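Participant:
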Amino acid sequence: MNKLVIILSTGLFLVSHSIACASIDSLRLQFDEGSLSRIRNVRNSDPDSALGMLSKYYAETMKKKNYPEAVQILMEMAYVYGNQARYREAYDQSWKALLLADRIGNDRLKAEIYMDLGRRYSYFKRREEALDYFNKSLQINRDLVREGKLNKTSLARNFYALVATFRELDEPAQARRYLDSCLVYYKDDVGVINRSFLKFEQAYIESKRQNYQIALNLFREIEPWFLEHYPSYLVLVYTYWGDIFRSMDNYEEGIAYYAKALKFSKEYSSHLDFTPLIHERMANLYLSRKNYKMAYESQTKAKILNEIYFDSRSKINRPLLEIQDAFRIEKERGEQLLKKQRLIELEHQDQVGALQKTLLILSLLFLIIIGVISYGSLRARHKAEKELMQRKRELEKQQDEELIELRNKELTTSALKLIEKDELLANLKKDLSGKEGDVSPRDIKRAIKSISVSNTQNWQEFETRFVSVNTEFYQQLHERFPDLTPGEQKLCALIKLNFSSKEIARLMGISVGSAHTTRYRLRKKLGLSRDENLTEFISGL
């Protein structure tokens, strides 16, 4: 069997197990944590049951259109197939997952799948394709980190995959370079990869540099952790541990660790296709000790197991992968064509939608403009009508004021005439009262009584006319000062007409002094201070 095939086999399963454990755990399938735990418990001992359950969950998630979860289930199925050396099925699941992840545009899942495909291609000795997929995965994750969608510590897994790839290609210098990059992004508390996996890679690099004691110390350090958490991985640890003793010509220890590796492989049904490599190395150790019988048995087992597990990678069967690639490429081309047609349809729909939106916006703008113009016109008309009504009210008010003023002037004139008349009548009354002779006393008394009645009637007529002209004045006077006497109200009316105290005294038939006293009492009833003018206050009512 070709040595390179064996080396690639070793590398594949180191990467497959460690990265798959990290990638699947980091994605955390959501369909049912209890079911996921059962699947992982049986995926090595009973892979068919695990695959049956995964197929069931995959159908359910696709029915619910939960595509991200469906992609994760496909990746879990690819891991189970790969661990059982069913490479074609693993390859198919990976590509199916990639097409689905690309369909939903999930870059993080695509990065995981590219990493998985890189492992598949490196396993089939497709170095350039493998590195291309690893670099695609790394670039996507770097973009996600730059966009703030992914923690930069996640890049440690990408570099770890490259470490394992270059190890399987037997390029320890490159492996060490990427291990240093991995440690730059690695953090113990994040849990992207357990440090034990990194120490395993370091042990491999140290063994290649012939620092055997450092490598052995690293293996002893990580063994307890793997015993507790991933005992199946000890198949690889013990094999590389045995390789160191083989390089140190320690026959007994080398055989013992190879035997341990075979024991764990059988116990956990793990890394079954790694067992031919172990038997082949044991055969070389037996041969170096001239134990030809054991060397023959080990070599025979290696040959049989190689035919079982590695036949799919033989030169005869490798074209099957090429055919699958051609089918996959054609399928991708069809997917791309459908996608392109869909994009054209979407662009057409977008154009129609944009046109509809444009027409809708223009219609809305037109309606808004019409509304603004109509509103402006109505507002202007309303404003004009309001101003017209205001001017009309002001004019009416002015006319009312002028009319009131005119009537008050008439009242004043009438009042003045009343004063003159009263004075005349008073004089007449005086004359009649003092005369005796031809005029009988009875006639004199009748005349005097008539004059008094006439005076009272004249004042009542004056008051009636004043109230009709100054209705608002009287209303305010009654509302604000309801306790005013009729005499005080009469005084307010005369003050409103701007009569002097002398004129008021004549009209009210009292002396000027009494008029002053009456004015003083009125000020007190109105609550005016010394600084307030009585005439101005009453005129303002």
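Mature numbering (1 follows the signal peptide of the UniProt record, and there is no 0) puts the sequence shown at residues -22 to -1, 1 to 519. Even glycine gets a Cβ: it sits at the ideal position worked out from N, Cα and C. Since the structure is predicted, the reported quantities are computational estimates derived from the model, not experimental observations.
Counting pairs of beta carbons, one from the stretch 48 to 61 and one from the stretch 70 to 86, are three or more of them closer than 8 Å?
Facilitator: yes
Participant: Is it true that the stretch 466 to 473 meets the stretch 486 to 498, where meeting means three or more beta-carbon pairs spaced less than 8 Å apart?
Facilitator: At 8 Å Cβ cutoff, the stretches touch.
Participant: Apply the 10 Å Cβ neighbour rule to E325 and answer buried if 16 or more other Cβ atoms are within range, or exposed otherwise.
Facilitator: exposed
Participant: Considering only C-alpha positions, which residue in the set R86, L462 and Q453 is nearest to G505?
Facilitator: L462
Participant: Hey, would you say P202 sits closer than 8 Å to F242, going by beta carbons?
Facilitator: no
Participant: Could you name the residues of the same chain whose beta carbon sits closer than 6 Å to that of A193, not counting the 5 residues immediately before and after it, in chain order?
Facilitator: A181, E184, S185 and I222
Participant: Buried or exposed: N511, going by 16 or more other Cβ atoms within 10 Å of its Cβ?
Facilitator: exposed
Participant: So N195 is in the alpha helix (DSSP H); what residue range does that whole segment cover?
Facilitator: Y190 to H207
Participant: Could you check which residue in A139, G518 and V330 has the C-alpha nearest to that of I91?
Facilitator: A139
Participant: Which residues in the same chain have their Cβ closer than 6 Å to the Cβ of G96, if we skip the five residues on either side of it in sequence?
Facilitator: A108, Y111 and F112
Participant: At the level of alpha carbons, what is the spacing between L214 and A239?
Facilitator: 7 Å
Participant: Between the C-alpha atoms of Q329 and N119, what's the straight-line distance to the nearest angstrom?
Facilitator: 34 Å
Participant: Return yes when the Cβ of C160 is within less than 8 Å of the Cβ of L176, no when it is not.
Facilitator: Pairing L176 with C160 gives a Cβ-Cβ distance under 8 Å.
Participant: Excluding sequence positions up to five away, which residues of its chain have a Cβ less than 6 Å from the Cβ of Y190?
Facilitator: Take Y190, set aside five residues on each side of it, and the residues of its chain with a beta-carbon closer than 6 Å to its own are I222 and M226, in chain order.
Participant: For residue 527, count the other beta carbons within 10 Å of its own beta carbon; 16 or more makes it buried, fewer makes it exposed. Which is it?
Facilitator: Look at the range of the chain in this structure, -22 to 519, and you will see that residue 527 is not part of it.
Participant: Out of T39, P25, Y211 and E47, which has the shortest C-alpha to C-alpha gap to E67?
Facilitator: P25
Participant: Which class does E249 belong to by DSSP, given the choice of helix, strand or coil?
Facilitator: It should be noted that the sequence gives His, not Glu, for residue 249. If DSSP states are grouped into helix, strand and coil, H249 belongs with coil.
Participant: Check this for me: beta carbons of S235 and Y216, under 8 Å apart or not?
Facilitator: One detail in the question is off: residue 235 reads as Tyr in this sequence, not Ser. Against a cut-off of 8 Å, the Cβ pair of Y216 and Y235 comes out as a contact.
Participant: Using the Cβ count rule (16 or more neighbours within 10 Å means buried), how would you classify E106?
Facilitator: Exposure of E106 is indicated by the presence of fewer than 16 other C-beta atoms within 10 angstroms of its C-beta.
Participant: Mapping the DSSP letters down to three states, classify G331 as helix, strand or coil.
Facilitator: helix
Participant: Here's the rule I'm using: 16 or more other beta-carbon atoms within 10 Å means buried, otherwise exposed. How should T336 be labelled?
Facilitator: exposed
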